[in-house]
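All remarks here apply to the structure that follows.
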Amino acid sequence: MSKDSLVKGTLILTVAALIARFLGVFQRFPLVYMLGNEGMASYAIAFNLYSNLLVIATAGIPSALSKMISERTALGRMDEANRIYKAALIFAVGAGVVMCAILFLLAPHYAVSSGDPHATLATLAIAPALLFFPLIAIMRGYFQGRQRMMPNGISQVIEQIVRLITAVGLAYLLLGVSLDWAVAGASFGGVTGGIAALAVMLYYALKLRKEDRGTLPVSEPGYTETGQSRPSGGKLRYGQIYGQLLRLSIPIVIFSITVTLIYNIDSSTIIPLLRDQIGEAKAKDIVGILGGQAQSLAGLPIVLAIALSQSVVPIISGAYSRRDLELVRNQSSRVMQLAILSGLPMVLAICTAARPLSGMFDYGGTPTGYEYGPPMIAMMTAGAMFQIIMQTSGAVLMGMGKMRALVSSVVFGIAVKLLGNLILSPWLGIYGILASTMLCFIVMSAFNLAVMRNVVTFRIMAPRRWTGLIVTTAVVAVIGVLAERLLFEHLHLFPWRVVNATVNAVLIGALACVLYVILLFVTKVVTKDDIKTFPAPLQKLYAKAGRVLGRRG
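Structural data, given as structure tokens:
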């Protein structure tokens with residue numbers, strides 16, 4: 116395995132995920148303008164329930180499949196790898212049909228219990244997507260296990276492009292019918308996006324099959340492609356495959372569902388928890404702000420962490436199965452460091468530019484949006500930093516096979532979240548609910564890191580680097596906040612408020628990111644040795660920045 120496989124795989128997934136994520140955020144702008152906070156509340160309630168059922172439908176199979184495929188490919192057992200893949204596809208079809216039916220049945224009851232009966236139609240509209248995405252997820256897991264990230268990346272981008280066009284187009288066309296139908300049209304974009312993504316994955320699956328026929332030798336039953344005897348003898352039975360997949364995937368699905376479950380908890384409980392404090396209309400507006408603005412923007416910094424998580428599982432799994440603890444230690448340190456260093460600038464940029472970013476959505480068109488939008492975006496995004504640590508450390512544990520620890524981590528985290536909502540919401544309202552989300556991620560991160568250190572001794576960064584990173588963060592935050600206030604009060608180049616907000620957001624975000632990179636050099640958080648491990652384009656970029664700062668050689 117190439118020593119750069121983590122970086123290459125991560126780059127492909129990161130670029131694709133960034134494009135897909137930005138397209139997803141871009142889609143929210145016209146939707147918020149057309150649907151308002153009220154419509155976005157219904158959209159968020161429907162989408163979050165769908166997301167939870169999608170995770171259950173795939174049952175963690177993609178990550179488990181990636182692990183099993185990676186292990187067998189490394190041992191030359193391609194016939195077993197392909198049989199496992201086929202079994203997973205059969206499971207995906209059945210699970211998709213069952214979950215689609217469940218969503219159809221649950222839709223009206225769930226919408227009413229969430230305090231928004233108008234979300235029923237949107238939930239029904241997105242349900243057919245469950246027929247396609249389990250299959251897509253299985254295919255992506257297989258390609259990941261084969262260390263082929265490009266098909267996964269391309270399918271993500273195509274999915275979001277088709278989703279954006281369909282969602283915005285249908286919402287616009289159906290707005291003349293009613294707001295409920297417009298929200299349903301936006302939700303149906305998930306179905307068309309799924310069809311497009313499945314078409315892309317089928318194309319690459321057929322292409323890979325042709326390549327395998329020309330390059331891989333055919334193994335005889337009971338033997339690997341290298342001619343070594345297989346201890347089990349004969350073909351793997353589907354019962355064996357499903358047994359191993361489920362043993363691996365049940366803990367994975369419990370871990371994978373954490374974020375979507377938290378989002379679902381919030382979207383379904385905010386109205387019941389806050390209606391007596393601020394009224395039902397205002398509480399529904401807050402759900403719209405959370406789903407239409409805060410959650411989508413807070414999802415941007417975690418893109419690299421997700422890509423790192425997807426890439427690191429097969430690498431650490433292979434190393435751990437060979438008992439190569441030195442490689443496990445190095446990859447664990449490297450992936451955690453990269454996740455933190457690359458996620459932090461986006462967190463700082465969004466937090467400091469929270470007010471103009473909310474202004475780009477025109478605050479959802481309501482006074483509630485102006486009051487709650489900016490602080491909710493900032494608080495949700497600050498919590499995303501701990502989500503990055505939680506997801507990346509969880510992926511490392513997944514690669515090590517520490518499934519019981521993953522389950523324990525989720526149980527503790529969700530318990531903190533539920534208790535936090537109940538205890539803090541009467542005192543702090545929506546900010547108590549957001550604080551409980553942050554506490555959930557902190558608890559899970561601390562637990563995951565403690566388990567990792569019981570397996571291998573590692574450190575993310577030296578104490579001196581942590582000090583430099585804290586200084587960098589503080590300086591960027593202070594300068595970013597001051598710059599935002601200055602621009603908000605004095606920079607009004609255009610007669611349109613939304614355009615001015617866009618200009619301010621771009622300027623503040625760019626300032627935060629550039630200042631962050633410069634201070635990494637000044638505080639020596641990033642060293643010359645670190646740069647050598649980066650991809651070639653980043654090496655050139657950091658070398659130029661280093662020369663500007665006088666750091667030669």
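Under the working numbering, the first residue of the sequence shown is numbered 116, with each subsequent residue one higher. Virtual Cβ for every residue (Gly too), placed ideally from N, Cα, C. Owing to the predicted nature of the structure, the values given are computational and were not obtained by experimental measurement.
Going by DSSP in three states, M264 sits in which element: helix, strand or coil? Secondary structure at M264: coil, using DSSP grouped into helix, strand and coil.
Provide the residue span of the alpha helix (DSSP H) that contains D381, from first to last. Segment Y353 to I393, the alpha helix (DSSP H) holding D381.
For T496 and G309, the rounded distance between their alpha carbons: Take the alpha-carbon of G309 and the one of T496: they are about 28 Å apart.
Alpha carbon to alpha carbon, how far is I365 from G528? Give it in angstroms, no decimals. Rounded to whole angstroms, G528 to I365 spans 17 Å at the Cα level.
Return helix, strand or coil for I273, following the three-state DSSP convention. If DSSP states are grouped into helix, strand and coil, I273 belongs with the helices.
Once you ignore the five residues that flank N163 on each side, which residues in its own chain have a CB closer than 6 Å to its CB? Setting aside the 5 residues that flank it on each side, N163 is surrounded in the same chain by Y378, N379 and S382, each with a C-beta closer than 6 Å to its C-beta; the list follows chain order.
Which listed residue (H607, I251, C466 and M513) has its alpha carbon closest to that of G624: Closest by alpha carbon: C466.
Among the residues of its own chain, which have a CB less than 7 Å from the CB of M491, if the five just before and after it don't count? Excluding residues within five positions, the ones whose Cβ falls inside 7 Å are I404, L405, A409, I545 and L549.
In the DSSP assignment, find the unbroken alpha helix (DSSP H) run with Y485 in it and report its ends. Counting along the chain, the alpha helix (DSSP H) containing Y485 begins and ends at P482 to M515.
Go to K639, then tell me how far its alpha helix (DSSP H) extends in each direction, as first and last residue. Counted as a single uninterrupted DSSP element, the stretch harbouring K639 is not any alpha helix (DSSP H), since DSSP gives it neither H nor E.
With burial defined as no fewer than 16 other Cβ atoms inside 10 Å of the residue's Cβ, what is the status of F137: buried or exposed? By the neighbour-count criterion, in which 16 or more other beta carbons inside 10 Å mark a residue as buried, F137 falls on the exposed side.
Is it the case that the Cβ atoms of V170 and T507 are separated by a distance below 7 Å? With respect to T507, V170 sits apart: the two C-beta atoms are not nearer than 7 Å.
What residue does the alpha helix (DSSP H) around D194 start on, and which one ends it? Run containing D194: M193 to S228, per the alpha helix (DSSP H) assignment.
Under the rule that 16 or more other beta-carbon atoms within 10 Å means buried, what is L250, buried or exposed? With 16 or more Cβ atoms within 10 Å of its Cβ, L250 is classed as buried.
Going along the chain, which residues of its own chain have a beta-carbon closer than 8 Å to the beta-carbon of T483, five neighbours each way excluded? N152, K397, D400, I401 and I404, listed in sequence order.
Start and end residues, alpha helix (DSSP H) containing V571: V571: not part of any alpha helix (DSSP H); DSSP gives it neither H nor E.
Measuring CB to CB, does V591 end up less than 7 Å from L456? It is not a contact, given that the beta carbons lie outside the stated cut-off.
With three or more beta-carbon pairs closer than 8 Å as the criterion, would you say the stretch 434-448 touches the stretch 526-542? Contact between the stretch 434-448 and the stretch 526-542 is absent, because fewer than three Cβ pairs lie under 8 Å.
Run through the stretch 428-485 for me and flag every whole alpha helix (DSSP H) of 4 or more residues, listed as ranges in chain order. For the stretch 428-485, whole alpha helix (DSSP H) runs of length 4 or above, ordered along the chain, are 440-467 and 469-475.
At a cut of 8 Å, does the stretch 206-224 reach the stretch 247-266 through at least three beta carbon pairs? Flag = yes, the stretch 206-224 and the stretch 247-266 touch.
With a CB to CB cut of under 8 Å and the five nearest residues on each side skipped, what residues in its chain are close to A135? If we look at A135 and ignore the five residues flanking it on each side, its Cβ neighbours are Q271, V272, E274 and Q275.
Distance check for L220 and L361, CA to CA, integer angstroms please. Cα-Cα distance, rounded: 26 Å.
Which residue marks the beginning of the alpha helix (DSSP H) containing I417, and which one marks its end? Boundaries for I417: no alpha helix (DSSP H) harbours it, and the DSSP string shows neither H nor E there.
Taking the beta carbon of I538 as the centre, do at least 16 other beta carbons fall within 10 Å, making it buried, or is it exposed? With a threshold of 16 other beta carbon atoms within 10 Å, I538 falls short and is exposed.
Span separating the alpha-carbon of L321 from that of G354: L321 and G354 have their alpha carbons spaced roughly 26 Å apart.
Does DSSP classify F556 as helix, strand or coil? Correct three-state label for F556: helix.
Using CA coordinates, which residue listed in A561, G479 and L415 is at the minimum distance from P460? Ranking A561, G479 and L415 by Cα distance to P460 puts L415 first.
Nearest neighbour of E186, chosen from T235, S229 and G260 [CA to CA]: Restricting attention to T235, S229 and G260, the CA atom closest to the CA of E186 is found in G260.
For S524, the first and last residue of its enclosing alpha helix (DSSP H): Residue range M518 to L543 is occupied by the alpha helix (DSSP H) that includes S524.
Can you tell me whether L168 is buried or exposed, with buried defined as 16 or more other CB within 10 angstroms of its CB? With 16 or more other Cβ atoms within 10 Å, it is buried.
Could you tell me the distance, in whole angstroms, from the CA atom of R612 to the CA atom of G474? The alpha-carbon atoms of R612 and G474 are separated by roughly 8 Å.
Could you check where the alpha helix (DSSP H) with L239 kicks off and where it finishes? First-last of the alpha helix (DSSP H) with L239: T235 to I241.
Between the CA atoms of L388 and V147 - distance to the nearest angstrom: For V147 and L388, the gap between their C-alpha atoms comes out near 24 Å.
Between G300 and P243, what straight-line distance do the alpha-carbon atoms span, to the nearest angstrom? Roughly 13 Å separates the two Cα atoms.
Buried or exposed, going by whether 16 or more other CB atoms sit within 10 Å of the CB of K201? Result: exposed.
Residue burial classification, P610 (beta-carbon count within 10 angstroms, cutoff 16): It is exposed - the Cβ of P610 has fewer than 16 other Cβ atoms within 10 Å.
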